[in-house]
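First the structure, in the form of C-alpha cells, and then the observations on it.
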Amino acid sequence: MLQSARGGVPSSRVTPGILGLAAIRAAPQLLGWVLCRRLPEGVVKLKIVETEAYHQDDPASHSFRGQTARTAPMFRVGGHLYVYFTYGRHYALNIVTGPAGRGEAVLLRAAEPLESIEIMQQNRKLTDVKKLAAGPGRLAQAIGINDTTLTGKLLDLLSIYLEPPKKSVRSNEIIVSPRIGITKAAHQPWRFYLKDNPFVSKL
DNA sequence: TTCCCGATTGTA
DNA sequence: ACAATCGGGAAC
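When you line the first sequence up against this note's numbering, it's residues 34 to 236, in that order.
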C-alpha cells in the first residue's frame, strides 16, 4: 500500500496509500514517510516518527459526536488535512485516512527534521533539533502552521505533501502504545512510534 | 448565552 | 507540578 510510490515515481505524490484506509492501519504505515512543506523561505522536510489513530467510534476522537463545522475535514476522503486549534495556543496536524463520510484521521505527533532545519529552528525560536517537532503542537509550529487555513485542504505538491520512506520501516521497529494526553479510551493502543528514535515526543 | 475542558507546552 | 489561553460544543 504505502510502499507503492517507490523509485521516484511521483504517482502517489500527494496521497500515499491512505486513501480509504482505516486510521488504525494507516497510522503505523505513515511512520517513515517524509512530511514536506513548501514555505516562502524554502521546503522543510521531516521524517514522521510518531502517529496516533482517531476514528469515528472512538470516544477520544473529534469525529465521535458526528460531523460539525470544525470536524468536517475528518469526514472527507483520505488525503485531506485536518488542522485544529487546542488549549488556546497550539495547532495540530492530522492526515485524514478514511473513505468519505467515515471521520477518521491520523494525528502527526512527532517528526525528525531532515531538510531546511534552520527554517524550522526559526519557526520554533529554538535550536535543539530534538525538540523542534517532538509533539503535535511543536511539529505544526516547526512547519509554519500557525492557523487553520490548511484544514479541509488536500495534500498538494504546492503546499504540503508526503514522500515515500527513504528506507522501508520494518514492523519490528514499530512500538505500539496507548495514546497521549487523552482521558477517554485511554487504554486503547492506537499510538505508534519508531523504536529508539530520539525525536518522538515521549518514550 | 453560559460553562467546562481539552488529541499541549513552557516554566517553576 | 502548574499556569497560560481560547474556542468547540453540551447544557441551560
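We put the beta carbon where it would ideally sit given N, CA and C, even for glycine.
In this text, all values refer to a predicted model and were calculated from it rather than measured experimentally.
The criterion of a C-beta distance shorter than 8 Å is not satisfied by G65 and S96. Rounded to the nearest angstrom, the gap between the Cα atoms of E196 and N230 is 19 Å. Counting C-beta pairs closer than 8 Å gives three or more between the segment 179-187 and the segment 118-127, which meets the contact rule. Assignment of E74 by DSSP, reduced to helix, strand and coil, places it in the coil class. The Cβ atoms of G75 and S192 do not sit closer than 8 Å to each other. Contact annotation: the segment 128-144 touches the segment 85-93, with at least three C-beta pairs closer than 8 Å. Burial is judged here by how many other beta carbons sit within 10 angstroms of a residue's own beta carbon; R203 has fewer than 16 and is exposed. Shown here for P106: same chain residues with a beta carbon closer than 7 Å to its own, the five before and five after excluded, namely H113, L114, Y115, V129, T184 and G185 in chain order. Distance between A144 and T119, taken at the CA atoms: about 20 Å. Non-local beta-carbon contacts of K78 in its own chain, meaning distances under 6 Å to residues more than five positions away in sequence, involve V67, C69, L147 and E148 in chain order.
N205 carries a helical assignment under DSSP once its states are collapsed to helix, strand and coil. Per DSSP, L126 is one residue of the beta strand (DSSP E) stretching across H123 to V129.
With respect to F232, A166 sits close: the two C-beta atoms are nearer than 8 Å.
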